[in-house]
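Notes for the one structure printed next.
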Amino acid sequence: MAERKEKLADRPNINNQVLLVYYSFSGQTGVLINRLAAGLKDQGIEVCFEKLKPVKHLRFPVGSILRTYLMMLATFFRRRVPIQQLSAKCSQEYDLIILAGPTWSYNPSGPVLSFLDRDGKDVLGGREVLPLISCRGYWKAHWWGLRKKLELCGAHFSNIIAFSHPNSEPWRTIGVFLKVAGKNPERSRFICKHYNHFGHSNEQMEEAYRFGLQIGESLRANATLEAINFQTKLALP
Ligand SMILES: Cc1cc2nc3c(=O)[nH]c(=O)nc-3n(C[C@H](O)[C@H](O)[C@H](O)COP(=O)(O)O)c2cc1C
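Numbering (the working numbering) for the sequence shown: 15 to 251.
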């Protein structure tokens, strides 16, 4: 850690820099981190993106109810999704690395698991990491598993961001399942009365932007991220 601080101190004229390593299957993590990055940039922080790319493209939606069941079963057993090699950006020094991705059957997604297995120690070891989870509502088991993996990689972390879909149960579970299968629950005459939007709301996107501003402020002041309250009513309704 001291060695890393020295390396960062070697570049006094450079703005604070954040690396955003992420995977997004249905686009929700993608929109959240874009808004968060906008907040960081408005605080003068330089942001680099590293998208985890599966070796074999995963198609969204998967196309049928059966395929959705099979995907949920495989992800429950933490099946890894092999990813392509990372870009050279990941070997540079950053003030913070944000690791973002969806919850898949109470676990981190397959591409994020592959990243942690193969590159976790190299990219995250000894670095300050802030995880960001996008889920329909159940992120705690994901977080417990992820924090163990981050510890094994030697990452430092003091906070966590989680966003859950704002719809009520059982509609959000039904809605996500049907959406992943390729149906349009928002257009079903019966379901649309209870479920009219898939994923995170516009207000949550603005909350992500606000979180970006707060993180940026904290980095500029060299303060700990622990002090920021990310568990707001908007993020986790
Ligand atoms: C295979 C699969 C399993 C999922 N399992 C969970 C789960 O256990 N808990 C949960 O809250 N959401 C679960 N979800 C919902 C996603 O976490 C949620 O839709 C998230 O916003 C998707 O983010 P993305 O669009 O970046 O992929 C699951 C989605 C998929 C595709």
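Where is the CB? At the ideal position from N, CA and C, for every residue including glycine.
Predicted model only: the values in this text are computed from it and were never measured.
Paired residues, beta bridge with E64 - DSSP: Position 50 of the sequence shown holds residue 64. Beta-bridge annotation (DSSP): E64 is paired with V35.
Quick test of your reading: K163 and L130, contact by CB under 8 Å. State the CB separation rounded to the nearest angstrom. For this step, residue 163 is matched to residue 149 along the sequence shown. For this step, residue 130 is matched to residue 116 along the sequence shown. Between L130 and K163 the Cβ distance is about 5 Å, and since that is below 8 Å, they are a contact.
How would you label F90, buried or exposed, when you count the other beta carbons within 10 angstroms and need 16 or more for buried? For this step, residue 90 is matched to residue 76 along the sequence shown. F90 should be labelled exposed.
Neighbour-count burial assignment, Y108, 16 or more Cβ in a 10 Å radius: Counting from 1 along the sequence shown, the entry for residue 108 is found at position 94. Label assigned to Y108: buried.
List the endpoints of the continuous alpha helix (DSSP H) containing I97. Position 83 of the sequence shown holds residue 97. No alpha helix (DSSP H) holds I97; DSSP gives it neither H nor E.
With a 10 Å radius around its C-beta and 16 neighbouring C-beta atoms as the bar for buried, classify T238 as buried or exposed. Position 224 of the sequence shown, counting from 1, holds the residue named residue 238. T238 is exposed by the Cβ-count criterion.
Look at the alpha carbon of E264 and the alpha carbon of H179, and state the distance between them as a whole number of angstroms. Past the boundaries of the shown model lies residue 264; the chain is included only from 15 to 251, so the question cannot be answered.
Helix or strand or just coil, what does DSSP make of N121? Within the sequence shown, residue 121 is the residue found at index 107, counting from 1. Three-state DSSP puts N121 in a strand.
Neighbourhood of N128 by C-beta, 8 Å cutoff - its chain only, sequence neighbours within 5 removed: Stepping through the sequence shown from its first residue, residue 128 is reached at position 114. For clarity, residue 128 is Ser in the given sequence; the question names Asn instead. Contacts found: L66, R94, V95, P96, I97.
From W118, D136, F63, D56, pick the residue whose C-alpha is nearest to that of V35; which is it? Numbered from 1 along the sequence shown, position 21 holds the residue referred to as residue 35. V35 has its Cα closest to that of F63, out of W118, D136, F63, D56.
Any heavy atom of ligand 1 inside 7 Å of the beta-carbon of P42? Counting from 1 along the sequence shown, the entry for residue 42 is found at position 28. Note on residue identity: the sequence assigns Gln, not Pro, to residue 42. Checking the Cβ of Q42 against ligand 1 gives yes.
Contact check, A222 vs L46 under 8 Å by CB: the rounded distance? Walking along the sequence shown from the start, residue 222 turns up at place 208. Walking along the sequence shown from the start, residue 46 turns up at place 32. That pair is a contact at about 5 Å.
Quick check on the burial criterion: 16 or more other C-beta atoms within 10 angstroms. Buried or exposed for A2? Here the chain covers residues 15 to 251 and nothing more, so residue 2 does not appear.
Under the assumption that G151 contacts R186 (Cβ atoms under 8 Å), give the Cβ distance between them as a whole number of angstroms. Reading the sequence shown from its first residue, position 137 is the one you call residue 151. Reading the sequence shown from its first residue, position 172 is the one you call residue 186. About 6 Å; that satisfies the 8 Å criterion.
What first and last residue would you give for the beta strand (DSSP E) that runs through A237? Here residue 237 refers to the residue found at position 223 when the sequence shown is read from its first residue. Segment: none, A237 is in no beta strand (DSSP E) and carries neither H nor E.
Reducing DSSP to helix, strand and coil, say where G213 ends up. As a position in the sequence shown, residue 213 is number 199, starting the count at 1. In this structure, DSSP gives G213 a state outside helix and strand, which the three-state scheme calls coil.
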